[in-house]
Amino acid sequence: MVAKSFLAASIPFRRCFFNSTANHVVNVQACRNLGPSFIGGAPRYMSSSIAQQFEEVKHRLASLKEDPGNEVKLKMYALYKQGMEGKATGKRPGVMDFVARAKWDAWNSLADMSKEEALKAYLAIVDELSAAQGATSTEEPSILVTVEDGLRIIKLNRPKKKNALNPEMYFRWTELMHEAAKDDKTVLTAITGAGDFFCSGNDLGNFMNIPPGGEAELANRTKEFLYQFIDAFIEFPKPLIGVVNGPAVGVSVTTLGLYDAVYSSDQAWFQTPFSQLGQTAEGCSSYVFPRLMGPGIASEMLMFNKKLSAHEAQRYRLVTEVFPHDRLQQEVWPRLQALAKLPARCLIYSKELTRAADKEILKKTNRAECERLCERWQSEDCKNAIMNFFSRQRK
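Position in the sequence shown counted from 1, then plus 1384, gives you the numbering used here.
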């Protein structure tokens, strides 16, 4: 009965484990809706000490503030299933139901682990998450902003995840672009990253967060916020500078063509691995890259997943200037502080004159790219690629 009631709760389980929210790793109400079979009840075969710990799980889960990532959540799901039912049973779900397939694969990977070992491992993960998040409860937000003497700095601040973008970061970054555009105290805006990466692109866990409306709802919702995000770059009226402190992937690369200057560390590299992920171009790169780099290199990047070094990116005009890594901060920020003292209206008018002719083309390109991506995200190519990614992560 325990296993049956657990499986019957598939919809709230998805909301509980696969939907990220701004403030909670789990949707507490959705977890409660799973009933005692999930977090409140312990099987009879468990020792009394493990059973007691298992009873406390619901309180620990409810106290978590941050999303530990879908790999951890898949592992927790698999360990729970193994603890309740033992070795994986049933037929492997088809590729079109890639969330169910990922969950079954995670469970199946535990092979002959005993039920009690699985539940001990499950409890150990909860303990580890609780301890880690208790130690970082005052952690800074995922995007930091400072404004001083005309220079606004937007810093991606998720270094443990290589500054991978989740929906909250997309919304916040878009909001900050609009805020900077309207702020009279902002003359120049710079984008950079915390840690070793500038940005590793989309957090692929985003594609596991299936809403109640299914994959089509997720794809359409993502299409719209991506369109708004890119549109904020197209419409941005003031100088926009990229300070690329490390490797850049995906949308963090494609949008560089919409910046007014890009200064890079010599340790950075640039890649748009779209076809590896069953996806297509974004960020207006299908229009901008061929005009910056020439059609050959643009095709190698957008179609064939070519990786550019910082100096290659400069040669192909994606990067304005490359600095030795240990000199980037000392060289670039004083330069930008000086540029932020230039007359604001002159900079706005100059940008308008140089960008106006392309604006409508860019907006049409953005819409076309987002529509194609919406189709791609629901394709078997994309689902297989994401499944392969998570399979590699588990090894």
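Ideal placement from N, C-alpha and C gives every residue a C-beta, glycine not left out.
- request: Grab me the residues of G1470's own chain with a C-beta within less than 7 Å of its C-beta, minus the 5 sequence neighbours each way, in chain order.
  value: Contacts found: K1499.
field: CA nearest to the CA of F1707, picked from H1695, N1689, Y1700 and R1701
entry: Taking only the C-alpha atoms, the option nearest F1707 is H1695.
- request: With a threshold of 16 other CB atoms inside 10 Å of the CB of K1487, please say whether the residue is buried or exposed.
  value: Flag for K1487 reads buried.
message: So for A1495, helix, strand or coil by DSSP?
response: The three-state secondary structure of A1495, taken from DSSP, is coil.
query: From S1670 to K1748, what distance separates their C-alpha atoms?
result: Rounded to whole angstroms, S1670 to K1748 spans 11 Å at the Cα level.
- prompt: Secondary structure at I1575, three-state DSSP: helix, strand or coil?
  reply: Three-state result, I1575: strand.
message: Tell me which residue opens and which closes the beta strand (DSSP E) that A1645 is part of.
response: Per DSSP, the unbroken beta strand (DSSP E) holding A1645 starts and ends at A1645 to S1649.
task: Could you name the residues of the same chain whose beta carbon sits closer than 8 Å to that of S1526, not counting the 5 residues immediately before and after it, in chain order?
output: These residues qualify, in order along the chain: L1540, N1541, R1542, N1550, E1552, M1553 and R1556.
- prompt: Once you ignore the five residues that flank N1772 on each side, which residues in its own chain have a CB closer than 7 Å to its CB?
  reply: Here N1772 has no same chain residue with a Cβ atom under 7 Å from its own Cβ, once five neighbours each way along the sequence are excluded.
- prompt: The alpha helix (DSSP H) spanning E1684 covers which residue range?
  reply: Secondary structure note for E1684: its alpha helix (DSSP H) is the uninterrupted segment P1679 to L1686.
- prompt: What residue from A1490, L1692, N1604 and K1735 has the CA that sits closest to E1619's CA?
  reply: Considering only alpha carbons, the answer is K1735.
- request: Report buried or exposed for C1766, applying the criterion of at least 16 other Cβ atoms within 10 angstroms of its Cβ.
  value: By the neighbour-count rule (16 or more Cβ atoms within 10 Å), C1766 is buried.
- prompt: Just reading off the alpha helix (DSSP H) that T1558 is part of, what are its end residues?
  reply: First-last of the alpha helix (DSSP H) with T1558: P1551 to K1566.
- request: Quick one: residues in its chain with C-beta nearer than 6 Å to the C-beta of A1769, no 5 flanking neighbours on either side, listed in chain order?
  value: L1661 and G1662.
task: Could you tell me whether the stretch 1622-1639 touches the stretch 1592-1605, where touching means 3 or more Cβ pairs closer than 8 Å?
output: Using a Cβ-Cβ distance cut-off of 8 Å, the stretch 1622-1639 and the stretch 1592-1605 are not in contact, since fewer than three pairs of beta carbons, one from each stretch, lie closer than that value.
query: In angstroms, rounded to a whole number, what distance separates the CA positions of N1593 and N1586?
result: Here the alpha carbons of N1586 and N1593 stand approximately 13 Å from one another.
DSSP beta-bridge partners of E1532: According to DSSP, which records beta bridges pairwise, E1532 is partnered with L1535.
query: For A1490, does the three-state DSSP call read helix, strand or coil?
result: Residue state, collapsed to three classes: helix.
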